[in-house]
Structures are given as C-alpha cells and as structure tokens.
Amino acid sequence: MSKISPCLWFAGEAEEAANFYVSLLPDSRIDHVQRNVADGPGGKAGTVLMVRFTLAGESYLALNGGEKCDYNHAVSFHIDCADQAEIDRLWATLGEKGELIHCGWLKDRYGVHWQIVPSILPTLLADPDQAKAQRAMAAVLGAIKFDIAALQKAYEGV
1 MSKISPCLWF AGEAEEAANF YVSLLPDSRI DHVQRNVADG PGGKAGTVLM
51 VRFTLAGESY LALNGGEKCD YNHAVSFHID CADQAEIDRL WATLGEKGEL
101 IHCGWLKDRY GVHWQIVPSI LPTLLADPDQ AKAQRAMAAV LGAIKFDIAA
151 LQKAYEGV
C-alpha cells in the first residue's frame, strides 16, 4: 500500500463507485471494505464506511462521508491511453451519465474529473519544431474527446 493515496468522498455510493472504477482498468481490485461499527455521519452501523481499492496499481480510498461534496476540475485523474480504442472505451464508460468537457476532460456520474489522454500527446507538444507543436496544441484546444489520428494530422500540417 502507498504511503499516500487519494481519498474520494461520497454521500453513500463509495462501494458502487469503487466497483465501477476497478472494472475499467487492468491491475485494479477492491482490497477491503470497512463497515461502520456504529451509527455516524457516514451511515448506520453495518453500512459501508470506506472502500480501499487499487486502480491500475495505485491505492485509493472511497469514503462515505455523509453529506454530498462536489468535486471540481482542480483535482482530476489523468489516464494515459496507449491507443484510440482505449480512449474510446474509457470516454464512453466514464462519460456515461456524466459531463463531457473539453481537451480530453470529463466528469463522471459521481462528479469526479478525469483526463483521458493519448500517450503520444506529450511528444507532439514537445517537438522542437514549434510549428508542429503549435498545430498539435491548436488541435488539443479544439477537441472534446481526443482523436489520435486528428492530432497526428494537425501536427503534420495535413
């Protein structure tokens, strides 16, 4: 287990959300479900208080804190995607019942913000040929969901 890990606050759907997230990526699992030992802000005795889970090899905690708290885009989770199929799958799954934003960002059904980004993007943006890098950045700024082929074409000036 990591010494430091994100804790996501939920109003009662911590276990549901953790199960949803671990279904998305390899090397993901539910590690432990902690139930309330007494009635409290997180729920009645016996209901789920916390879920410790691993997502793509990283430790997370989902907490039923009682009242609903809104997330914002100041903290988001970046998923590095190897290909268009992975982008499309994650975009469709995480975006379902959520909000599609821009530049590869979306807010899922629980209000958590995600960045679904192709692995090649940093390479395109860091090209020493500034014209190529600027065309790639213009394509990024005009995108909702990333299309690797469209980014490549913009980068190449096609």
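Take the sequence shown: its letter number 46 is residue 46 in the UniProt record's numbering, and every next letter is one higher.
Even glycine gets a Cβ: it sits at the ideal position worked out from N, Cα and C.
Should residue i be listed as close to the ligand SAH, given that the test is whether its C-beta is under 7 Å from any heavy atom?
i, result
"A138", "As presented, the structure is devoid of all ligands, the ligand SAH included, so that no description of it is given."
Taking C-beta to C-beta, are residue i and residue j nearer than 8 Å?
i, j, result
"L90", "I79", "yes"
"P26", "G66", "no"
"L100", "K145", "yes"
"G104", "I116", "yes"
"Y71", "G111", "yes"
"A139", "L125", "no"
Does the Cβ of residue i have 16 or more other Cβ atoms within 10 Å, making it buried, or fewer, making it exposed?
i, result
"H113", "buried"
"K107", "buried"
"V158", "exposed"
"P122", "exposed"
"residue 160", "Past the boundaries of the shown model lies residue 160; the chain is included only from 1 to 158, so the question cannot be answered."
"I87", "buried"
"P118", "buried"
"L8", "buried"
"V37", "exposed"
"V22", "buried"
"A92", "exposed"
"A136", "buried"
Using only CA atoms, which one of the options lies nearest to residue i?
i, options, result
"residue 164", "P6, I87 and G46", "Residue 164 lies beyond the stretch modelled for the chain, which goes from 1 to 158, so this question has no answer here."
"E58", "K44, M50, F77 and H73", "F77"
"S2", "L124, A138 and L61", "L61"
"L49", "E16, L124 and V75", "E16"
"V33", "L24, A18 and K153", "A18"
"C69", "A14, L24 and A85", "A14"
"P128", "A143, Y155, I148 and D147", "Y155"
Given 8 Å as the limit, is there contact between the region 52 to 59 and the region 18 to 35, that is, 3 or more CB pairs closer than that?
They touch, by the three-pair rule.
Quick check on the DSSP output: what are the complete beta strand (DSSP E) runs of length 3 or more inside the UniProt domain "PhnB-like" (3 to 117), in order along the chain?
The beta strand (DSSP E) runs of length 3 or more contained entirely in the UniProt domain "PhnB-like" (3 to 117) are, from start to end of the chain, 7 to 10, 29 to 35, 48 to 55, 58 to 64, 77 to 81 and 105 to 107.
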